[in-house]
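S.K.:
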Amino acid sequence: MRKGLVLAGAGALAVAAAWTAVAVLGDGGAGAANPAPRAVPATAEITRQDLVDTKTVTGALTYSGERQVTTGASGTVTWVAAEGSVVRRGHKLLSADRRPVVLMYGKLPLYRELRQGIDDGPDVEQLERNLKALGYGDYLTVDEHYSYATHLAVKEWQEDRGLPETGRVDASQVVFLPSLVRVTDAAVEVGDRLAPGRRAMTVSGVRRVVHVDLDADDQALARKGAKVTVELPGGERVSGRITSVGTVAETSGQGQDQSVTVDVDITLAKAPKTRLDQAPVEVEMESERREGVLSVPIEALLALREGGFGVEVVEGGATRVVGVRTGAFGGGRVEVEGAGLAEGMKVGVPST
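Under mature numbering (1 follows the signal peptide of the UniProt record, and there is no 0), the residues of the sequence shown are numbered -23 to -1, 1 to 329, in order.
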């Protein structure tokens, strides 16, 4: 039985120890004591239902797709996007010597200078698609060829952005990223010297996600696509789904403080109210699900003198103790199997 069930079973044992049976049974799943004449202070019903055992772990509310941004620009930083700001296509990430470095959308990094005479390629098409989206190149055909129409569209864009009108584009002018970004950390400030290849900032997507450094021992809890419940700052509860599970365990700390974890990312079903980044959250993850089983409240379990557990079945004015085998725990209830037990029967529970 998994760690979560063992913990739940220990809790049930503590409850049952205080609610002790007076009958002595043989084997735990068969047989029952003679009817007891005493009154039961309270009863609960045996139900047939799905039982879900859960475990709560800690995580952090953050943003998806974090990455480092470098540029080919050099000079003195004269402007940089503020931390927490969102930058969209055509807008600047920073300026060096008052010349902007502009965000454009695309998966390919700008690995070569784009100009007339270069070989055709998907990076040319990527640039042309952005120029069209920004309103440049009325006669421009979006393809992999850097045509004279592309050259003219680039010059028009450069004029509007305050860049030298060369008709050529390189990494000192443009950074290609898949979509709009949120600046999570500016690595340079106004007045800093910027050199090609230096990290300028860290950015992320704008979609909120929950990240969990899950203990490797609990890796079985993290199944891609599994539903979870997240408690956010302020008590807000939001459902979510596991969208990413790391395949490489990460080790941190030393000696007794050493821990081995697996990265788990969770997508929330709706946007949270809080705007905090790296806010601590609690994630309720499902560790065990049993469908259509008989269950009773955990406090209905009796610790039997010969070992194991039983429940006190209440029938009219009489009671009898039935030995049970326990299964999954979840939601304050426990799966039970025992001779003659059926849905709808009543079992004794403590009055408080």
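Using N, Cα and C, we set each Cβ at its ideal position, and we do this for glycine too.
Computed from a predicted structure; not experimentally measured.
Where V34 and V273 are concerned, what is the direct C-alpha to C-alpha distance, given to the nearest angstrom?
M.R.: About 26 angstroms.
S.K.: Tell me which same chain residues have a C-beta within less than 8 angstroms of the C-beta of K323, skipping the five on either side of it?
M.R.: So the qualifying residues of the chain are T20, A21, E22, I23, V290, V291, E292.
S.K.: Out of curiosity, what's the CA-to-CA distance linking R297 and G287?
M.R.: Computed Cα separation, rounded: 10 angstroms.
S.K.: Specify, as a first and last residue, the run of the beta strand (DSSP E) that T55 falls within.
M.R.: Run containing T55: 52 to 57, per the beta strand (DSSP E) assignment.
S.K.: So L80 packs on W56, CB below 8 angstroms; how close in whole Å?
M.R.: Between W56 and L80 the Cβ distance is about 14 angstroms, and since that is not below 8 angstroms, they are no contact.
S.K.: Using the C-alpha atoms, what's the distance from V207 back to A(-3)?
M.R.: The predicted model places A(-3) with a pLDDT of 41, which falls under 50 and marks its position as unreliable, so this point remains unresolved.
S.K.: Sort out for me which residues DSSP pairs Y88 with in a bridge.
M.R.: DSSP lists no partner for Y88.
S.K.: Rounded to whole angstroms, what is the Cα-Cα separation between A193 and P141?
M.R.: One C-alpha to the other measures close to 54 angstroms.
S.K.: Please return the same chain residues whose Cβ sits closer than 6 angstroms to the Cβ of P12, not counting the five positions on each side in sequence.
M.R.: Summary for P12: the model assigns pLDDT 46, below 50, so the residue's position carries little reliability, and this model does not support an answer.
S.K.: Note down, one range per segment and in chain order, each beta strand (DSSP E) of at least 3 residues found wholly within the stretch 150 to 202.
M.R.: Here the runs fully enclosed are 151 to 154, 158 to 163, 176 to 181, 185 to 192.
S.K.: Locate the alpha helix (DSSP H) running through residue 396, then write down its first and last residues.
M.R.: This structure does not reach residue 396, given that the chain is present from -23 up to 329, and the question cannot be answered.
S.K.: What is the residue span of the alpha helix (DSSP H) that Y125 lies within?
M.R.: Start and end: 125 to 138.
S.K.: Would you tell me roughly how many angstroms separate the C-alpha atoms of D169 and V29, rounded to the nearest one?
M.R.: If you take the alpha carbons of D169 and V29, they lie about 55 angstroms apart.
S.K.: Going by DSSP, what residue range makes up the beta strand (DSSP E) through R266?
M.R.: Counting along the chain, the beta strand (DSSP E) containing R266 begins and ends at 256 to 274.
S.K.: Could you have a look at D242 and say whether DSSP puts it in helix, strand or coil?
M.R.: Strand.
S.K.: Helix, strand or coil, according to DSSP, for D27 in the structure here?
M.R.: Reduced to three states, the DSSP call for D27 is strand.
S.K.: Using DSSP's beta-bridge definition, name the partner residues of R76.
M.R.: R76 is bridged to A73.
S.K.: Excluding sequence positions up to five away, which residues of its chain have a Cβ less than 7 angstroms from the Cβ of V215?
M.R.: So the qualifying residues of the chain are V207, L209, L245, A246, K247, P249.
S.K.: Cβ of T179 within 9 angstroms of Cβ of V63?
M.R.: Contact: no.
S.K.: Mark S328 as exposed unless 16 or more other C-beta atoms lie within 10 angstroms of its C-beta, in which case mark it buried.
M.R.: Its Cβ having fewer than 16 others within 10 Å, S328 is exposed.
S.K.: Going by C-alpha distance, which of E283, R175, E213, D190 is nearest V239?
M.R.: That would be D190, whose Cα lies nearest to the Cα of V239.
S.K.: List the endpoints of the continuous beta strand (DSSP E) containing E105.
M.R.: Premise fails: E105 lies in the alpha helix (DSSP H), 99 to 110, not in any beta strand (DSSP E).
S.K.: I need the DSSP call for A226, collapsed to helix, strand or coil.
M.R.: In the structure shown, A226 sits in coil (DSSP, three-state: anything other than H, G, I, E or B).
S.K.: Specify the secondary structure class of Q231 as computed by DSSP and reduced to three states.
M.R.: Reduced to three states, the DSSP call for Q231 is coil.
S.K.: Please report the residue range of the beta strand (DSSP E) in which A295 lies.
M.R.: Start and end: 295 to 307.
S.K.: From this set, V311, I243, R282, which residue's C-alpha is nearest E276's C-alpha?
M.R.: Looking at the Cα atoms, V311 is the closest of the given residues.
S.K.: Can you list, in chain order, the residues of its chain whose CB lies under 8 angstroms from that of V258, leaving out five sequence neighbours each side?
M.R.: These residues qualify, in order along the chain: T35, G36, A37, L38, V187, V207, E208, L209, P210.
S.K.: Let's see if you can read the secondary structure: which residues bound the beta strand (DSSP E) around T206?
M.R.: Run containing T206: 204 to 208, per the beta strand (DSSP E) assignment.
S.K.: Out of E283, A197, R185, state which residue places its alpha-carbon closest to the alpha-carbon of S264.
M.R.: Of the listed residues, the one whose Cα sits closest to S264 is A197.
S.K.: Is E268 buried or exposed, if buried means 16 or more other CB atoms sit within 10 Å of its CB?
M.R.: Result: exposed.
S.K.: With respect to the beta strand (DSSP E) encompassing R65, which residues constitute its N-terminal and C-terminal limits?
M.R.: No beta strand (DSSP E) contains R65, which DSSP labels as neither H nor E.
S.K.: Suppose the cutoff is 6 angstroms on Cβ atoms and the five residues either side in sequence are ignored; what does the same chain contact list for A256 look like?
M.R.: L38, P210.
S.K.: Would V165 pass as a contact of V54 if the rule is Cβ separation under 9 angstroms?
M.R.: Cβ distance < 9 angstroms, so V165 and V54 count as in contact.
S.K.: Using 8 angstroms as the cut-off, classify the Cβ of L71 as near or not near the heavy atoms of the ligand NAP, replying yes or no.
M.R.: Among the components modelled here there is no ligand, and therefore nothing to report on the ligand NAP.
S.K.: Go to A19, then tell me how far its beta strand (DSSP E) extends in each direction, as first and last residue.
M.R.: 19 to 22 is the span of the beta strand (DSSP E), which, as asked, contains A19.
S.K.: Which first and last residues belong to the beta strand (DSSP E) in which Q93 is found?
M.R.: Counting along the chain, Q93 falls outside any beta strand (DSSP E), and DSSP gives it neither H nor E.
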